[in-house]
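Data first, discussion second: the structure below is written as C-alpha cells.
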Amino acid sequence: MKKLVLMAIATVFMVSIAFSGNAPTKVNTKKITNVIQRKLQYPAFAKDKQMEGDVYVNIAVDNKGKFKVNYISSPNKELSAYVLQELENMVIKDFKSYQTFDMKIVFKVEKI
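In case it helps, this note's numbering puts the sequence shown at residues 120 to 231.
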C-alpha cells in the first residue's frame, strides 16, 4: 500500500552568500538549516490540497539569531506567504555573527 508523506526540505545553497566579516562555517550553515527543517512544517492548507512547490529565499540572520527575509520567490503565492511568516518568526539561540544565505525550500508530496 502506498502512503503519502508530506515534507518540507530546506536546502542551503552557497552560491551567493554575503557576510559581514566572517566566512561561513559549516557549524553556522548546519545550525541554520537544522532550525529551519525542525520548525518549518508542511502547512495544513498545503496538505489538504497536496500542494507542491519550491520557494527560493535570501535570508539574513543577525547577531541575535533573528531571521529577516531579503528576497522570496515562488510561483505559489500561498507557500511564499507561509515561508515568509514562518522564517520571520524564527530565532536561533546563541548565534553570534551576521550572515545571509540563499535557500531553496522544497514542499513535495512523496509517495512511498
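Where is the CB? At the ideal position from N, CA and C, for every residue including glycine.
- In the DSSP annotation of this structure, the continuous segment of the beta strand (DSSP E) that includes residue 229 starts and ends at 218-230.
- Between residue 226 and residue 198, the C-beta spacing is below 8 angstroms.
- Between the alpha carbons of residue 166 and residue 218 lies a distance of about 32 angstroms.
- Taking a contact as a CB-CB distance under 8 angstroms, the pair residue 184 and residue 149 does not count as one, their CB atoms being some 15 angstroms apart.
- Under the three-state reduction of DSSP, residue 147 is assigned to helix.
- Beyond the five residues adjoining it in sequence on each side, residue 178 comes within less than 7 angstroms, by CB distance, of 186, 187, 188, 189, 206, 219, 220, 222 in the same chain, given in chain order.
- Between residue 224 and residue 176 the beta-carbon gap is near 7 angstroms, inside 8 angstroms, which marks them as a contact.
- With contacts defined by Cβ atoms closer than 8 angstroms, residue 216 and residue 153 do not form a contacting pair.
- When the beta-carbon positions are compared, residue 208 and residue 170 stay at least 8 angstroms from each other.
- Going by DSSP, residue 213 is part of no beta strand (DSSP E) at all; its letter is neither H nor E.
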